[in-house]
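First up is the structure itself, then whatever we jot down about it.
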Amino acid sequence: MVDQTPPAEGRGPDTGPESDTMLRYREDDPVAHAAVTVDAFLDQSNAAAVRVEPGDDARELIPHLERLDLVEVNFPSFGDGRGYSSARILREAGYAGELRAVGDVLVDQLAYMRRCGFDAFDPDAPLDAEDVEAAFARWPEVYQSAADSRTPIWAKRHA
Amino acid sequence: MYAYDQYDQQMVDARVAEFRDQARRRLEGKLSEDQFKPLRLMNGLYLQLHAYMLRVAIPYGTLSGAQMHTLADIAEKYDRGYGHFTTRQNIQYNWIKLEDAADILADLAKVEMHAIQTSGNCIRNISSDHFAGAAADEVVDPRPYAELLRQWSSFHPEFSYLPRKFKIAVIASEQDRAAMRLHDIGINIVRNSDGELGAAFYVGGGMGRTPMIAPQIRDFVPLDQLVTYAEACLRVYNRYGRRDNKYKARIKILVHELGAEEYTSQVEEEFQHLLDSGVEPPFAELERIRTFFADPVFDEAAQDDIDRSDPDFALWVDRNTVAHKQDGYVSAVISLKPVGGIPGDATADQMRVMADLATRYSFDELRVMHTQNVVLPHVRKADLHAIWSALDEAGLGSPNLDTIEDIIACPGLDYCSLANARSIPVAQKIAQRFAETKKTATLGQLKLKISGCINACGHHHAGHIGILGVDRKGVENYQLSLGGSEAEDVSLAKITGPGFDEDGIVDAVETVTSVYEREREGEERFLDTYRRIGMGPFKEALYG
Amino acid sequence: MKLLTGNDLKTGAVTWWTGSDWSIHVEDAVDVTGQEDEIASREEAARRVNVPYAIDAEMYEGSPRPAHIKDRVRALGPTVRPDLTLKPADPEIGQWVI
């Protein structure tokens with residue numbers, strides 16, 4: 001699992017090179033490769049960035065995680081929650097590169113996305129910085145173990 | 160019953176703050192209705208036929224006197240003096256304002272209540288046996304498992320944007336008092352041949368447009384793998400449930416289209432993978448939760464005899480009390496089905512009466528039944544007369560449990576924008592007909608369920624007699640079906656033939672009960688007679 | 704005729720376009736035929752109404768009466784609780800709805 005601590009105080013998200021709207025919570029430098037489709041990625045031995053659509057099977061990427069620097073997961077509509085499973089599956093498999101939610105990404109889904117392992121967000125429409133900060137600070141505790149490093153309540157109860 | 164620790168309280172408080180912020184942003188126009196809708200639904204707030212409607216969660220149907228008092232206060236302060244108890248053990252208020260919603264959630268949070276995930280494409284209220292902890296036939300009290308799963312499912316980051324709603328029921332007995340086989344996931348806590356407790360999983364049941372009985376997916380999941388197995392079932396659904404058609408998006412369609420065997424195989428594969436992912440709480444957490452569901456300190460000297468000299472009281476005892484595992488005790492059922500009343504509705508004052516009776520006579524605990532009545536689970540027989548007198552005075556003493564007067568009805572076209580026909584007036588007319596003709600007693604156990612549309616919130620597919628309201632060229636019409644059951648002898652009702660108008664359906668119900676009276680053998684229920692003789696004689700009597 | 708209806712965003716009350724404003728009384732509603740989309744978008748954008756849409760109606764004894772029973776129940780209130788409707792004292796109201 002990747003360390004997914006919420007951004008420390010005073011250190012806001014880095015905006016990425018691709019757009020002014022992107023939010024990124026990683027220490028390393030952003031990747032500049034264009035993301036190809038899953039099918040194209042599996043065909044090309046040199047691709048290092050892939051975009052996962054809702055209908056794709058993220059597990060097809062598992063044998064190739066070593067060569068991936070960037071996985072984008074597309075949310076064509078915020079109500080289609082398949083991307084949350086794709087993200088978690090990749091983190092469970094040990095993927096440590098950038099995991100970026102793109103598309104119809106809204107403030108009110110950010111916290112759950114972060115818990116599923118996303119560490120970058122490239123929404124179609126810019127997000128209000130204050131709302132973003134509030135969203136990430138919203139939950140003092142969590143009930144479940146997920147793809148982030150937050151300690152679930154049940155672990156705290158029986159520490 | 161379960162009591163929050165600081166963590167549980169922090170979670171509901173955070174949720175109130177989150178919703179308050181979301182409502183503010185909606186009112187300011189920062190959120191469109193399309194963006195706001197799933198957020199408010201995940202806090203139980205619908206935009207319904209007359210106003211906003213709020214559905215408050217009553218986890219596995221259990222609540223305390225103080226909580227029932229708060230529900231009464233909310234009805235008075237924010238609504239129009241009453242609430243409606245639902246077929247999923249929740250309560251809903253029909254006249255809510257968006258500008259009050261966050262305050263209501265804050266009031267609820269003060270008494271460890273909420274409206275979390277009572278709507279939306281997420282995991283809903285987990286229901287259970289309304290006689291849990293009191294029934295003599297239960298293997299264990301099922302509610303600790305429901306509570307464990309409630310916490311697991313609340314604010315689940317992966318499963319909050321499912322293809323559709325997701326309903327789970329947990330029981331722990333051979334008798335199914337929670338319609339478990341008609342849920343997306345039904346869990347029955349059982350003992351294996353070594354005497355160990357585990358969970359039998361049934362996946363893919365449901366009512367609605369395409370009713371289905373859930374097949375068994377696994378006969379025994381060890382208790383220390385319960386959450387992991389549930390997670391596997393949900394992940395397969397989230398990934399592969401249909402999203403192209405709202406009416407084919409439930410897990411029952413996925414299980415049906417893949418076949419139970421293939422679905423099971425995918426779940427087992429995901430389950431094996433997830434076992435290494437650390438999602439299961441330690442067994443100590445289940446044990447911690449169980450301590451909240453220990454038996455109350457029963458009065459070991461409680462007397463068994465009841466003074467039956469008052470015939471009205473005796474009738475209520477015979478009909479509305481249910482055997483309890485402890486000598487000298489019963490579970491008492493408070494009827495929310497007065498003849499001519501609105502099934503499942505209670506005024507704020509009635510809620511207060513129920514609350515105070517629970518605090519005084521039932522270890523401060525009440526249960527909501529999915530059949531829209533309320534239970535005082537642990538009552539001494541010696542206290543029954545005092546209880547009944549108070550109930551009778553409050554209009555809560557109808558002695559009609561499981562009779563034809565004990566109708567389950569969705570709110571229907573009077574309240575619901577999804578409905579095609581009114582269900583409540585039909586329920587009222589039917590109850591009145593049988594009360595007037597004094598047939599209620601003769602007919603014995605008869606579970607009649609009415610839905611105002613094909614979404615089947617009235618569970619008509621599972622009625623011994625089921626009624627479905629439809630729209631026939633702008634005019635309300637009612638289809639009659641027979642032979643459904645929600646219990647362990649689960650079956651889906653069959654339509655008799657052409658539908659009836661509002662008066663016609665009442666006559667039709669009377670006709671089929673007359674056939675039953677004519678044909679019954681021995682102590683057979685209506686359902687048994689139907690199963691023995693088939694649809695033929697009923698069809699003949701209805702349509703000639 | 705077509706009536707434009709929606710809900711008040713804050714209160715959730717059922718409202719009807721009167722030609723200049725939103726009223727909770729369907730009697731105040733006007734025919735919006737041909738202008739439904741224009742009025743709806745404008746009013747929704749200004750947050751003076753939530754989720755507006757047009758319904759069919761006919762004149763009945765001088766007032767608009769929605770063509771479908773569901774819309775009539777929505778206009779008035781639940782038939783099983785006359786005390787909670789907009790016309791609790793009207794004995795003829797059952798006829799109007801059903």
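Protein chains in written order, with this note's numbering: chain U, 1 to 159; chain A, 160 to 703; chain Y, 704 to 801.
All residues carry an ideal CB built from backbone N, CA and C; glycine is no exception.
DSSP state of residue i, grouped into three classes?
i, result
"His483 (chain A)", "coil"
"Met160 (chain A)", "coil"
"Lys705 (chain Y)", "strand"
"Ser548 (chain A)", "helix"
"Ser286 (chain A)", "strand"
"Lys496 (chain A)", "coil"
"His619 (chain A)", "helix"
"Arg592 (chain A)", "helix"
"Gln276 (chain A)", "coil"
"Pro767 (chain Y)", "strand"
"Leu779 (chain Y)", "helix"
"Lys790 (chain Y)", "coil"
"Tyr520 (chain A)", "helix"
"Tyr252 (chain A)", "strand"
"Tyr112 (chain U)", "helix"
"Met339 (chain A)", "helix"
"Ile324 (chain A)", "The question names Ile, but residue 324 (chain A) in the sequence shown is Lys. In the structure shown, Lys324 (chain A) sits in coil (DSSP, three-state: anything other than H, G, I, E or B)."
List the residues of chain A whose Cβ lies closer than 7 Å to the Cβ of residue i, in chain order.
i, result
"Gly715 (chain Y)", "Leu206, Ala210, Tyr211, Ile255, Lys256 and Leu257"
"His158 (chain U)", "Pro441, Ala443 and Glu444"
"Leu712 (chain Y)", "Leu186 and Leu257"
"Arg138 (chain U)", "Ala173 and Glu177"
"Thr88 (chain U)", "As written in the sequence, residue 88 (chain U) is Arg, which differs from the Thr given in the question. Per Cβ cutoff of 7 Å: Glu317."
Would you decide whether residue i is buried or exposed? Buried here means 16 or more other CB atoms lie within 10 Å of its CB.
i, result
"Ile589 (chain A)", "buried"
"Arg539 (chain A)", "buried"
"Gln587 (chain A)", "buried"
"Arg704 (chain A)", "Look at the range of chain A in this structure, 160 to 703, and you will see that residue 704 (chain A) is not part of it."
"Pro126 (chain U)", "exposed"
"Gly354 (chain A)", "exposed"
"Ser45 (chain U)", "exposed"
"Ile654 (chain A)", "exposed"
"Ile89 (chain U)", "buried"
"Ile727 (chain Y)", "exposed"
"Arg631 (chain A)", "exposed"
"Glu429 (chain A)", "buried"
"Glu177 (chain A)", "buried"
Kindly list, in the order they appear in chain U, the residues whose Cβ is closer than 7 Å to that of residue i.
i, result
"His315 (chain A)", "Gln144"
Find the residues of chain Y that neighbour residue i, judging by a C-beta separation of less than 7 Å, and give them in chain order.
i, result
"Asp573 (chain A)", "Val776, Pro781, Thr782 and Val783"
Which bits of chain A does residue i rub up against, with CB to CB less than 9 Å?
i, result
"Asp80 (chain U)", "Tyr320, Pro322 and Arg402"
"Tyr84 (chain U)", "Pro316, Glu317, Phe318, Ser319, Tyr320 and Asn397"
Show which residues of chain A have a CB atom less than 8 Å away from the CB atom of residue i.
i, result
"Arg750 (chain Y)", "Leu186 and Gly188"
"Val754 (chain Y)", "Glu192 and Leu206"
"Leu706 (chain Y)", "Under the 8 Å cutoff, chain A gives no residues; its nearest Cβ is about 16 Å from Leu706 (chain Y)."
Report the neighbours of residue i on chain Y: residues whose CB is nearer than 9 Å to its CB, in chain order.
i, result
"Arg214 (chain A)", "Within chain Y, no residue comes near Arg214 (chain A); the closest Cβ sits about 14 Å away, beyond 9 Å."
Can we count residue i as close to the ligand COA, meaning its CB is less than 8 Å from some heavy atom?
i, result
"Glu552 (chain A)", "No copy of the ligand COA occurs in the structure displayed, which carries no ligand at all."
List, in chain order, every chain U residue whose beta-carbon is nearer than 8 Å to that of residue i.
i, result
"Trp311 (chain A)", "Tyr143 and Gln144"
Give the interface partners of residue i over in chain U, defined as CB-CB distance under 9 Å, in chain order.
i, result
"Arg394 (chain A)", "Ser85, Arg88 and Ile89"
"Leu198 (chain A)", "Asp108"
"Asp266 (chain A)", "Near Asp266 (chain A) there are no residues of chain U at all, since even the closest Cβ is about 21 Å away, more than 9 Å."
So with Cβ pairs under 9 Å, would you call residue i a contact of chain C?
i, result
"His771 (chain Y)", "No chain C appears in this structure, whose protein chains are U, A and Y."
Notebook entry, point to check: Given a limit of 7 Å on CB to CB distance, which residues of the region 489-522 of chain A reach chain Y?
Noted result: Within the region 489-522 of chain A, the qualifying residues are Ile501.
Check: Taking three-plus beta-carbon pairs below 8 Å as touching, is the region 200-207 of chain A in contact with the region 255-262 of chain A?
Finding: Put simply, the region 200-207 of chain A touches the region 255-262 of chain A. At least three CB pairs are less than 8 Å apart.
Checklist line | Touching by the beta-carbon criterion (3+ pairs, under 8 Å), the region 281-294 of chain A and the region 539-547 of chain A | finding: Segments in contact, no.
Notebook entry, point to check: Got a sec: which bits of the region 141-155 of chain U sit with their beta carbon under 9 Å from any beta carbon on chain A, in order along the chain?
Noted result: Answer in chain order: Glu141, Val142, Tyr143, Gln144, Ser145, Ala146, Ala147, Asp148, Pro152, Ile153, Trp154 and Ala155.
Notebook entry, point to check: With contact counted as at least three CB pairs below 8 Å, one residue from each stretch, are the region 350-360 of chain A and the region 661-676 of chain A in contact?
Noted result: By the Cβ test, the region 350-360 of chain A is not in contact with the region 661-676 of chain A, since fewer than three Cβ pairs between them sit closer than 8 Å.
Checklist line | Where the region 622-655 of chain A meets chain Y: residues whose CB sits under 9 Å from a CB there | finding: Residues passing the 9 Å Cβ filter: Asp630, Gly633, Val634 and Glu635.
Check: Which of the residues in the region 580-602 of chain A, read from start to end, lie with their CB under 8 Å from any CB of chain Y?
Finding: So the close ones are Arg581, Ile583, Pro584 and Gln587.
Item checked: Given 8 Å, three or more beta-carbon pairs between the region 551-565 of chain A and the region 502-522 of chain A -> With a cut-off of 8 Å, the region 502-522 of chain A and the region 551-565 of chain A count as touching, because enough Cβ pairs lie within range.
Next item on the list: Using a Cβ-Cβ cut-off of less than 7 Å, give me the residues of the region 330-356 of chain A that come near chain Y, in sequence order.
Entry: Within the region 330-356 of chain A, no residue qualifies.
Checklist line | Interface residues of the region 225-246 of chain A facing chain Y [CB-CB below 7 Å] | finding: For the region 225-246 of chain A, the residues whose beta carbon sits under 7 Å from a beta carbon of chain Y are, in order, Arg239.
Checklist line | Members of the region 106-135 of chain U that neighbour chain A once the beta carbon cut-off is set at 9 Å | finding: Residues of the region 106-135 of chain U that bring their beta carbon within less than 9 Å of a beta carbon in chain A comprise Leu106, Val107, Asp108, Gln109, Ala111, Tyr112, Met113, Arg114, Arg115, Cys116, Asp128, Asp131, Ala134 and Ala135, in sequence order.
Margin query: By the 7 Å beta-carbon criterion, what residues does the region 32-60 of chain U contribute toward chain A?
Written below: Within the region 32-60 of chain U, no residue qualifies.
Check: If we count Cβ pairs, one from each stretch, closer than 8 Å, do we get three or more for the region 606-623 of chain A versus the region 364-380 of chain A?
Finding: In short, these stretches touch, since the Cβ pair count reaches three.
Checklist line | Validate contact between the region 319-330 of chain A and the region 304-311 of chain A using beta carbons, cut 8 Å, 3 pairs | finding: Using a Cβ-Cβ distance cut-off of 8 Å, the region 319-330 of chain A and the region 304-311 of chain A are in contact, since at least three pairs of beta carbons, one from each stretch, lie closer than that value.
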